[in-house]
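Chains as they are written, first to last, in this note's numbering: chain F, 1 to 245; chain E, 246 to 487.
Just below is one structure, and these are the notes that go with it.
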Amino acid sequence: MSGFETVIYEKSDAIAFVTLNRPQSLNAFSVRMRDELFEILSAIKADDEVRVVVFKGAGERAFCAGADLKEFLTAPSAIKARRIRAVRDLWRLFLGMPQPLIAALHGYVLGSGMEIALFCDLRIGSPDVVFGLPEVGLGILPGAGGTQTLPRILGLSGAMDMLMTGRRMDAEEALAKGVLNEIVSFGELYPRAKSVAGRITACDPVVIRYAKQAVIKGLDMSLDQGLELEWRLARLARSGPAAGE
Amino acid sequence: MKTLTYREDGYCRVVDLVCCPDSDSAAFQAAEFSEICDRLAWDEDARVVLLYYDGGITAPAVDGTGEPFSQVEAAASLKQPVIAAVRGNVTGFGLELALACDIRIACEDACFGFPQVLEGKMLCHGGTQRLPRLIGQARAMHMLLAGGLIDAAKAVRWGLVHRTVSSATLATAAMDLAAEIADKSPLSLAFAKEAVYGGRDLTLDQGLRMELDLYLLLFSTSDRVEGIRAFREKRKPEFLGE
């Protein structure tokens, strides 16, 4: 895949690397970036060679500083925006990705940037990471799942604090509260993300997919239903990789 | 007897709950507070509600019939962000009330817990439901079944309390926090609150759909235009709540 303007896509050894690439605007999330990510993630979802995906941001200052506000106010009407979302819903595509997603984060991780990170399964950050959902201060609402994913990851209590005040969270606090899985120096960020990804690709890909599926889907179920799902997936995994397809 | 004081301060609505001597006066307080909350539902200038009280606050008598009715249910019904500013030992009913608020700020010498459970008193104002949702099941079980009090530092680590301050600065710190929230768009605040609590009981996929609808509904507001313009012009936005 090539010809992308705002995203770099690379694939090596069963690992896909998706780099948000608008460093001159702190990798601000634009309509073009949404469309390119939608195309890339759709392809990855169908690509059995890819066993894990690493998301990162180009440049030194930000993973992604949020939506590109230059594009707001010229955006289509609510009705049109809803129709576009129905056919090109990047966020539900994120939610439905069968492979584990790893976010390698540095600098600003704000707004849609944080919401991308929250759709990932593991978050590794450098010490300069700054998280934030500033939307309520802009008269808008997080529209990429933040009001749903943040409470599930940070907890209801912490999520309300961040959402109501728009306050930022640094790397140390994020680590203490489970938003970051680990902190490594900026120089170590991509090597570390790659080695975590490598540990995942060394495992049985079917088991990895099932484990992710069991957690994500199970959290939406009653415990009884979740246990049933886990048992069903475990039986499928035992009857061989082919059975899982 | 005066069971509470109420004042309006800009976009902030401040309620100071007095510690009632018995459950009858507490019931009177509940009715009074509930009336205020009903009014706040239609008060377009009420962007944030600040609730001060001592954690040992008395619960109104429960008659066991019908729906639970107390300060807790009234606070939980508010569409605005609600800040609980608490001092002392925040236990039992006092803690249940704090759990029904959105942001909790406490004195650094405050303690938190439900020792009443081990004394044979079942909680009836949401404690067993809100606590695990706010701090997770394992920590909630510890607080409910081990029955000991946790100190403010641990309450912060566990996400039960958002900030602690010295008792001398509780009032100013709470007002500062309220002012910070009052600067935001009241429509965004109310929608964000609705999305978070509404989404808590939905599947993630359903939650995303609901969030999208609320997000798109905000396209119709002038606050959205103002917020984005102010950001571009690098100035403070002036939200009207329209």
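Beta carbons: idealized from backbone N, C-alpha and C, even for Gly.
When DSSP labels each residue in this structure, what does residue 190/F get in the three-state scheme? helix
How many Å lie between residue 309/E and residue 385/E at the Cα? 25 angstroms
In terms of alpha-carbon separation, which member of 227/F, 59/F, 229/F lies closest to residue 250/F? In the structure as shown, chain F starts at 1 and stops at 245, and residue 250/F therefore has no counterpart that could be examined.
The alpha helix (DSSP H) enclosing residue 203/F, as first and last residue numbers: Counting along the chain, residue 203/F falls outside any alpha helix (DSSP H), and DSSP gives it neither H nor E.
At least 3 beta-carbon pairs within less than 8 angstroms: the region 97–117 of chain F vs the region 142–151 of chain F: yes
Under 7 angstroms by beta carbon: chain F residues contacting residue 448/E: 220
Between residue 459/E and residue 439/E, is the Cβ-Cβ spacing less than 8 angstroms? yes
Note down the Cα distance separating residue 245/F from residue 283/E, rounded to an integer number of angstroms. Residue placement at residue 245/F cannot be trusted, given a pLDDT of 45 that sits under 50; what the coordinates show is reported in the next sentence. Using only the alpha carbons, I get a separation of about 55 angstroms.
Minimum length 3: unbroken beta strand (DSSP E) runs contained in the region 84–151 of chain F: 101–105, 108–110, 122–125, 130–132
When you compare the CB of residue 320/E with every CB in chain F, is at least one pair closer than 8 angstroms? no
If you count every other CB in all the chains shown that lies within 10 Å of the CB of residue 66/F, and 16 or more means buried, which is it? buried
State the beta-bridge partners of residue 334/E as determined by DSSP. 356/E
Spatial distance of residue 180/F from residue 54/F (CA atoms): 15 angstroms
Between residue 370/E and chain F, is any beta-carbon pair separated by less than 8 angstroms? no
Going by the DSSP bridge assignment, what does residue 258/E pair with across the sheet? 253/E, 294/E
For a test of the three-state rule: what should DSSP assign to residue 314/E, helix, strand or coil? coil
Quick check: is the beta carbon of residue 463/E nearer than 8 angstroms to any beta carbon in chain F? yes
Along the chain, where does the alpha helix (DSSP H) containing residue 467/E start, and where does it finish? 467–477
7 angstroms CB neighbourhood of residue 201/F in its chain, flanking five on each side removed: 13, 14, 15, 51, 52
How far does the beta strand (DSSP E) with residue 12/F in it extend, from its first residue to its last? 7–12
What's the C-alpha gap between residue 415/E and residue 421/E? 10 angstroms
Got a sec? Which residues, its chain only, sit under 7 angstroms from residue 109/F by beta carbon, not counting five neighbours each side? 63, 64, 117, 129, 130, 131
Which residues mark the beginning and the end of the beta strand (DSSP E) in which residue 57/F is found? 52–57
Report yes or no: is there a C-beta of chain F within less than 8 angstroms of the C-beta of residue 429/E? yes
How about residue 92/F and residue 450/E: are their beta carbons less than 8 angstroms apart? yes
Quick one: list the residues of chain E neighbouring residue 226/F, beta-carbon separation under 8 angstroms, in chain order. Here the premise fails: no neighbours, minimum Cβ distance about 12 angstroms.
Decide if the region 157–172 of chain F is in contact with the region 346–360 of chain E; the criterion is three or more beta carbon pairs, one per stretch, under 8 angstroms apart. yes
For the region 324–333 of chain E against the region 292–301 of chain E, are there 3 or more C-beta pairs whose distance is under 8 angstroms? yes
Exposed or buried, residue 383/E, counting other C-beta atoms within 10 Å across all chains shown (16 or more means buried)? exposed
Anything in the region 81–93 of chain F with a Cβ closer than 9 angstroms to a Cβ of chain B? List those residues in chain order, please. Any reference to chain B falls outside this structure, whose protein chains are F and E.
Looking only at its chain, what residues have a beta carbon closer than 7 angstroms to the beta carbon of residue 290/E, apart from the 5 residues adjacent to it on each side? 256
Counting only C-beta atoms, is residue 256/E closer than 8 angstroms to chain F at any point? no
Three-state secondary structure (DSSP) at residue 362/E? helix
Amino acids of chain E, ordered along the chain, whose beta-carbon sits closer than 9 angstroms to that of residue 69/F: 473, 476, 477
Three-state secondary structure (DSSP) at residue 406/E? coil
On a Cα-Cα basis, can you pick out the residue from 23/F, 35/F, 98/F, 75/F that is closest to residue 270/F? The first residue shown for chain F is 1 and the last is 245, placing residue 270/F beyond what the model contains.
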